[in-house]
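Protein chains in written order, with my numbering: chain E, 17 to 321; chain Z, 580 to 1018. Beta carbons: idealized from backbone N, C-alpha and C, even for Gly. Because the structure is a prediction, the values reported are computed rather than measured.
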């Protein structure tokens, strides 16, 4: 047997490395050109004043100062975004977990139900929002019709600046089919032996859920929480298609504010500053999640403390 | 064998590319516009006519959805790929003009017999920078069957309702499931079956009510914001109160560009205010026995005139685009497809001031309001000539910020009843003043 000398290994590796780079090149080019360069451009643009057609004027941190001191809608937008993210993330996780638990059991037509709950995720989003708009409509909507039928007064779901964010969060919860599928996969990975052992020891279903299922699912919950949080902090579609940020600033999410400031009011620098702040907020939340994760995530194979 | 097949296929794929590269020797220019399928077909017909009547220039259509029209044009401008000519959204005309994107068209109609009216000329600090392609005014549409059922006489074509009369008539035309009208004992605002009126609160149309009440949104030179005057504030509150207090209008908290659809077109509303283009775009498809009348007046009898501009952008084929736009915006070029269908009102004074001119469109049997020429003359011709004022974007810069962004968002709290117009206007007044100064 030939001993693999260092010379052999270099030649062996160089050919493989080159092949690897060639395969990776399209992805890397895409990543750099479509993600990193625009990101850096955006950071830079936030220090300028530009309306798209005219000259770019350097103004330093003026955009940020204006956002934090003189913009009447910024703090409202921030709170609305956080409220939406909170409600939709917590709502989706709880809802998806419950549905996944139900779908994990041997119910008749299980395949059909799995498809039904996953379906909202694959439907065209705009069509979904238009459909829900009619459900929520104050004058002719189904929900208000049912409420009035039972003797109540119409509720302003999308027409009240306090109710609009919870209403949109409800739609987001309904749309969380992808989380159900991931939870289902996680549930099926919980070793049956744990459950059987616990049953023998006299644990009831609730105990088993809290002491076995949830700890085994913590990595999945962490993943879903992270993905859901990052996505929902960047919410824009319901504002664009349904509420146009309204009523008032009830659904004036930060991404939507970014869009209107940059593209509708032709203030690209200002919009970029909002984007940078949103980026930092998401980074902070992600950092917190990761930093606290060791305290509550249980990985199989970890040594017990 | 396989290799040969592959080569043959590749060559076959290249053939169309070669054919395209040959070209037809003409200068190709693009014309951008917004609109739905009906308007696309109308525009295509006119372009076909132009392309067939000469062989130097070929015009290609570029349809862009209305909601993203200006953003798309700005993106093209940044990439240096603007179409050669196209419609420009009213509230971006001054923005484009000030940033040097538009070609100079001030002498397009010099010496021409048909001059566009002054009220539809865009002015940057007094200098004309463009002309609307047509004229549109705001009028009131009403459902004749609903008026007949309530035993109400139709609104008069030359004497508009006062605001109080308008509210009273609307109350008589509003009723709930039990047939009760607003103000009567037992009236249930939760169970209204028919509404008397819908005043379109799509933001730019709200300016007419400030003018009607003796106020204004901006000064004539576009340099001052006057929306915080008591008259302007009161006009907004009065429109909101139609739904909130008088219960004669449906609640419409987040306005859309769909006054007729939300109002008379839903077949649950008797009167609606909206633009004259609805005569061609909406009413032919709605099976409603409708009439037209001037807008109700608060203190002054006034309406707003507006329309998009067809502009020439600076570029390689500026001259060809200029010639095309001059041809395209003559009433003749769009006579069948846009004027006679009711989508456009003519833009030259000749069609309003001379009997001959008026009869060419209003008197044509294809015109949607030909059945009642007397009313048509009063509501479409005389109303334009005597009472129409230009919308604020004809002379005020940055209306895409003031109207579409600031006012649109802020007024929603007024429409929902959460805040009063006075609170909201006073809060956003500094933002509005600053917006019209931005360069």
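Nearest neighbour of residue i, chosen from the options [CA to CA]
{"i": "residue 241 (chain E)", "options": "E:221, E:264, E:303 and E:215", "result": "E:303"}
{"i": "residue 639 (chain Z)", "options": "Z:610, Z:914, Z:959 and Z:659", "result": "Z:610"}
{"i": "residue 154 (chain E)", "options": "E:170, E:84 and E:180", "result": "E:170"}
{"i": "residue 997 (chain Z)", "options": "Z:981, Z:960 and Z:819", "result": "Z:819"}
{"i": "residue 605 (chain Z)", "options": "Z:589, Z:631, Z:580 and Z:614", "result": "Z:631"}
{"i": "residue 96 (chain E)", "options": "E:271, E:276 and E:80", "result": "E:271"}
{"i": "residue 883 (chain Z)", "options": "Z:906, Z:875 and Z:890", "result": "Z:875"}
{"i": "residue 674 (chain Z)", "options": "Z:688, Z:656 and Z:689", "result": "Z:656"}
{"i": "residue 305 (chain E)", "options": "E:238, E:260, E:188 and E:277", "result": "E:238"}
{"i": "residue 848 (chain Z)", "options": "Z:773, Z:692, Z:618 and Z:780", "result": "Z:773"}
{"i": "residue 717 (chain Z)", "options": "Z:752, Z:881, Z:865 and Z:957", "result": "Z:881"}
{"i": "residue 808 (chain Z)", "options": "Z:802, Z:800 and Z:795", "result": "Z:795"}
{"i": "residue 645 (chain Z)", "options": "Z:722, Z:658, Z:619 and Z:950", "result": "Z:619"}
{"i": "residue 968 (chain Z)", "options": "Z:868, Z:791 and Z:858", "result": "Z:791"}
{"i": "residue 279 (chain E)", "options": "E:198, E:66 and E:117", "result": "E:66"}
{"i": "residue 99 (chain E)", "options": "E:211, E:194 and E:177", "result": "E:177"}
{"i": "residue 195 (chain E)", "options": "E:216, E:105 and E:250", "result": "E:105"}
{"i": "residue 878 (chain Z)", "options": "Z:811, Z:588 and Z:662", "result": "Z:811"}
Bounding residues of the beta strand (DSSP E) (the contiguous stretch that carries residue i)
{"i": "residue 607 (chain Z)", "result": "606-612"}
{"i": "residue 715 (chain Z)", "result": "715-722"}
{"i": "residue 872 (chain Z)", "result": "869-872"}
{"i": "residue 701 (chain Z)", "result": "700-703"}
{"i": "residue 969 (chain Z)", "result": "967-969"}
Beta-ladder partner(s) of residue i, from DSSP
{"i": "residue 773 (chain Z)", "result": "Z:754"}
{"i": "residue 711 (chain Z)", "result": "Z:888"}
{"i": "residue 667 (chain Z)", "result": "Z:888"}
{"i": "residue 111 (chain E)", "result": "None; residue 111 (chain E) has no bridge partner."}
{"i": "residue 804 (chain Z)", "result": "Z:797"}
{"i": "residue 924 (chain Z)", "result": "Z:714"}
{"i": "residue 661 (chain Z)", "result": "According to DSSP, which records beta bridges pairwise, residue 661 (chain Z) is partnered with nothing at all."}
{"i": "residue 706 (chain Z)", "result": "Z:703"}
Reduced DSSP category for residue i - H, G, I as helix; E, B as strand; rest coil
{"i": "residue 639 (chain Z)", "result": "strand"}
{"i": "residue 850 (chain Z)", "result": "strand"}
{"i": "residue 689 (chain Z)", "result": "coil"}
{"i": "residue 90 (chain E)", "result": "helix"}
{"i": "residue 798 (chain Z)", "result": "coil"}
{"i": "residue 601 (chain Z)", "result": "Residue confidence is low: residue 601 (chain Z) scores 48 on pLDDT, short of 50, so the model does not pin down where it sits. Its coordinate-derived value is still stated next. Three-state DSSP puts residue 601 (chain Z) in a helix."}
{"i": "residue 65 (chain E)", "result": "strand"}
{"i": "residue 778 (chain Z)", "result": "strand"}
{"i": "residue 733 (chain Z)", "result": "coil"}
{"i": "residue 321 (chain E)", "result": "Note that residue 321 (chain E) scores a pLDDT of 44, beneath 50, so its modelled location is shaky and nothing firm can be said."}
{"i": "residue 122 (chain E)", "result": "coil"}
{"i": "residue 256 (chain E)", "result": "helix"}
{"i": "residue 192 (chain E)", "result": "coil"}
{"i": "residue 582 (chain Z)", "result": "helix"}
{"i": "residue 740 (chain Z)", "result": "coil"}
{"i": "residue 883 (chain Z)", "result": "strand"}
{"i": "residue 695 (chain Z)", "result": "strand"}
{"i": "residue 306 (chain E)", "result": "helix"}
{"i": "residue 176 (chain E)", "result": "coil"}
{"i": "residue 74 (chain E)", "result": "strand"}
{"i": "residue 1024 (chain Z)", "result": "Chain Z is shown from 580 up to 1018; residue 1024 (chain Z) falls before or after that span and cannot be answered."}
{"i": "residue 725 (chain Z)", "result": "helix"}
{"i": "residue 11 (chain E)", "result": "There is no way to answer for residue 11 (chain E), as the model of chain E reaches only from 17 to 321."}
{"i": "residue 876 (chain Z)", "result": "strand"}
heavy atom of the ligand FMN below 6 angstroms from residue i C-beta
{"i": "residue 759 (chain Z)", "result": "Although the ligand FMN was asked about, the structure shown includes no ligands whatsoever."}
Boundaries (first-last residue) of the alpha helix (DSSP H) holding residue i
{"i": "residue 629 (chain Z)", "result": "616-632"}
{"i": "residue 233 (chain E)", "result": "230-249"}
Residues of the region 826-854 of chain Z with Cβ closer than 7 angstroms to any Cβ of chain E, in chain order
829, 830, 832 and 833
Worksheet item: Between the region 655-675 of chain Z and chain E, which residues of the former have a C-beta closer than 8 angstroms to a C-beta of the latter?
Response: 656, 657, 674 and 675
* **Residues in the region 766-793 of chain Z having any Cβ partner in chain E nearer than 7 angstroms** => Correct list: 769.
### Query
In the region 152-179 of chain E, which residues sit with their C-beta less than 8 angstroms from some C-beta in chain Z, listed in chain order?
154, 155, 164, 169, 170, 172, 174, 175, 176 and 177
**Request:** Taking a Cβ distance cut-off of 8 angstroms, strictly less, list which residues of the region 66-83 of chain E are near chain Z, in chain order.
**Result:** 67, 68, 69 and 70
- Given a limit of 8 angstroms on CB to CB distance, which residues of the region 982-998 of chain Z reach chain E? 983, 984, 987, 988, 989, 991, 992, 994, 995, 997 and 998
Original post:
In the region 735-763 of chain Z, which residues sit with their C-beta less than 7 angstroms from some C-beta in chain E, listed in chain order?
Top reply: none
* If contact means a Cβ-Cβ distance below 8 angstroms, which residues of the region 279-293 of chain E contact chain Z? -> 279, 280, 281 and 282
What are the residues of the region 185-203 of chain E that lie near chain Z, defined by any Cβ-Cβ distance shorter than 9 angstroms?
-> none
Going along the region 639-650 of chain Z in order, which residues come within less than 7 angstroms of chain E, judged by CB to CB distance?
-> 650
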